[in-house]
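Here is the structure we will look at.
In the UniProt record's numbering, the protein residues as written are 1 to 269.
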């Protein structure tokens with residue numbers, strides 16, 4: 001398993017400048033976090049694509065800033081907005097494909113709504129199919145204050161959709177939502193395609209890996225037993241570390257643990 005870093009961890013550094021820092025630090029894999037629509041423009045697409053092609057870094061996933069709008073875009077009863085949302089996300093799928101990324105990270109519906117779960121699953125399936133047609137995996141992330149906060153919701157989503165659903169597991173989001181990351185890994189691990197990683201300690205759920213007490217070796221071991229074949233992405237908030245060196249050191253810390261658990265197997269999806 002390769003350990004990478006999300007460009008979001010360097011927010012508010014511009015996407016291409018954040019990627020340049022990851023390249024300079026020889027980070028092998030990245031999540032590209034799109035923070036505005038202009039980053040879909042031809043000029044910025046070519047800039048980022050050139051950076052990827054001229055270095056050894058690989059784009060694993062794309063995470064759109066419109067994740068904060070997904071509740072309204074996709075899950076209300078206003079069907080025209082849903083159709084427009086699908087067309088908007090086709091632009092992200094196209095971007096991901098151009099960058100060589102395989103995954104589009106999805107947050108979904110807010111938790112404090114009364115929208116029927118069946119609508120959620122069926123709308124997700126529609127959007128997932130649009131992604132699949134463009135060679136992209138639409139992956140549901142577990143996110144605090146969203147329906148996906150609760151393991152029970154994700155289990156029912158898996159039951160309803162069968163093998164037509166994939167997940168991104170974020171251990172800090174699990175802790176923030178009062179869930180057990182280990183249990184999430186045991187329950188959903190065979191459909192997990194990416195990990196978002198941070199450390200934790202009592203009273204703090206987002207620390208650079210190596211600065212808390214989260215059992216990464218145990219976490220990775222559970223996922224290995226489930227056949228996990230994706231990457232691990234360090235994703236930190238701006239206020240959770242003091243210097244970029246902490247961020248880069250945390251990646252090395254996790255890579256050493258991952259190497260010990262996964263050995264030299266090829267774990268790319």
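We put the beta carbon where it would ideally sit given N, CA and C, even for glycine. Please read all numbers here as calculations on a predicted model, not as lab measurements.
My output table needs one value for residue 32: the three-state DSSP class, helix, strand or coil. strand
Around the C-beta of residue 128, are 16 or more other C-beta atoms found within 10 angstroms, so that it is buried, or is it exposed? buried
Assigned secondary structure, residue 54 (DSSP; H/G/I helix, E/B strand, else coil): coil
Option nearest residue 31 by Cα separation, candidates 248, 260, 69 and 234: 234
Since residue 27 sits in a beta bridge, which residues does DSSP pair it with? DSSP lists no partner for residue 27.
List the endpoints of the continuous beta strand (DSSP E) containing residue 199. 199-201
If you follow the alpha helix (DSSP H) that residue 91 is in, where does it begin and where does it stop? 79-99
Counting C-beta neighbours from all protein chains within 10 Å, is the total for residue 91 16 or more, i.e. buried, or is it exposed? exposed
Is the distance from the Cβ of residue 14 to the Cβ of residue 48 below 8 angstroms? no
Have a look at residue 20 and residue 28 and give me their C-alpha separation to the nearest angstrom. 12 angstroms
On the DSSP bridge list, what partners appear for residue 4? 233
Measuring alpha carbon to alpha carbon, tell me which residue in 17, 152, 25 and 11 is nearest residue 250. 25
What's the call for residue 163, buried or exposed, on a 16-neighbour Cβ count within 10 Å? exposed
Could you please give the first and the last residue of the uninterrupted beta strand (DSSP E) stretch that includes residue 191? Counting along the chain, residue 191 falls outside any beta strand (DSSP E), and DSSP gives it neither H nor E.
Among the candidates 58, 238, 44 and 1, whose CA atom is the shortest distance from the CA of residue 206? 238
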